[in-house]
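Note that our numbering has the sequence shown beginning at 75, numbered continuously upward.
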Amino acid sequence: MGTKGIAIVDMDVKKLIGVLNKAFSDEWLAYYQYWIGAKVVKGPMKEAVIAELIQHSADELRHADMLAMRIIQLGGTPVTEPKEWYKLTNCGYDAPADPFVKAILAQNIKGEQCAIMTYKKLLNYTLNKDPVTYNVVLQILQDEVEHEEDLQAEMEDLQTLLKSAKGR
Ligand code: MG
Ligand code: FE
Ligand code: FE
Numbered sequence: 075m076g077t078k079g080i081a082i083v084d085m086d087v088k089k090l091i092g093v094l095n096k097a098f099s100d101e102w103l104a105y106y107q108y109w110i111g112a113k114v115v116k117g118p119m120k121e122a123v124i125a126e127l128i129q130h131s132a133d134e135l136r137h138a139d140m141l142a143m144r145i146i147q148l149g150g151t152p153v154t155e156p157k158e159w160y161k162l163t164n165c166g167y168d169a170p171a172d173p174f175v176k177a178i179l180a181q182n183i184k185g186e187q188c189a190i191m192t193y194k195k196l197l198n199y200t201l202n203k204d205p206v207t208y209n210v211v212l213q214i215l216q217d218e219v220e221h222e223e224d225l226q227a228e229m230e231d232l233q234t235l236l237k238s239a240k241g242r
């Protein structure tokens with residue numbers, strides 16, 4: 075940890091580390107939800123959806139990495155016990171119990187919408203107080219906004235496909 079780097083943070087650093095560890099837990103759960111979703115998903119447009127899910131899982135793991143680095147810079151320790159992820163998570167974990175592509179897309183859209191709200195709150199929380207964390211959070215938020223749009227576009231295509239199949 076860098077002492078001056080911590081000294082310029084105009085907020086309760088311990089509390090900030092706690093909040094970052096909650097987001098860190100979200101990212102691991104989101105990573106796994108995408109990763110396992112890509113394995114079990116079934117139905118029309120499967121290939122396109124699998125490609126998106128795999129890409130997003132890699133992004134979520136990268137977000138976990140970014141948060142871990144920032145937590146360490148602040149003198150904290152990223153959550154070391156996976157059991158803690160469930161206790162700390164903001165957005166939870168939705169097991170893909172129904173492997174139908176529409177159900178998996180819906181679950182992940184819900185997850186992204188929660189992530190967007192979580193990171194928006196974190197942006198407000200760090201605004202003018204910790205520019206370094208603010209920047210990390212902003213980068214992650216940009217990805218989550220892209221993720222939501224990607225999944226909603228896939229959902230739209232799927233609905234169109236399902237409708238045209240019915241009308242035939
Ligand atoms: Mg994408
Ligand atoms: Fe993420
Ligand atoms: Fe995401």
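Cβ coordinates follow ideal geometry from the N, Cα and C atoms, glycine included.
For clarity, every value in this text was computed on a predicted model and none was experimentally measured.
Using only the alpha-carbon positions, how far apart do residue i and residue j sit?
i    : j    : result
H137 : V87  : 20 Å
G166 : W109 : 15 Å
L225 : I183 : 6 Å
A177 : K194 : 26 Å
T99  : L127 : Correcting the residue identity first, residue 99 is Ser in this sequence and not Thr. Approximately 19 Å between the Cα atoms of the pair.
L141 : L232 : 34 Å
D139 : N95  : 11 Å
M119 : T77  : 51 Å
A227 : Q147 : 37 Å
E230 : D133 : 22 Å
I91  : K203 : 14 Å
E218 : L196 : 13 Å
A125 : V115 : 11 Å
G111 : S238 : 26 Å
By DSSP's criteria, residue i is part of a beta bridge. Which residues make up the other side?
i    : result
F174 : K116
Report whether the distance from the Cβ of residue i to the nearest heavy atom of ligand 4 is below 7 Å.
i    : result
E218 : Ligand 4 is not among the ligands present in this structure, which contains only ligand 1, ligand 2 and ligand 3.
Q | the region 153-164 / the region 90-107 touching (three or more Cβ pairs under 8 Å) | A | Segment contact: the region 153-164 against the region 90-107, three or more CB-CB distances shorter than 8 Å; contact assigned.
(Q) Under 7 Å, CB to any heavy atom of ligand 1. Which residues pass, going along the chain? (A) Selection output, chain order preserved: E126, Q129, H130, E220, H221 and D224.
Q: Tell me the start and end of each unbroken alpha helix (DSSP H) in the region 133-204 that is at least 4 residues and wholly inside, in chain order.
A: Secondary structure remark: continuous alpha helix (DSSP H) runs of at least 4 residues inside the region 133-204, in chain order: 157-162 and 175-200.
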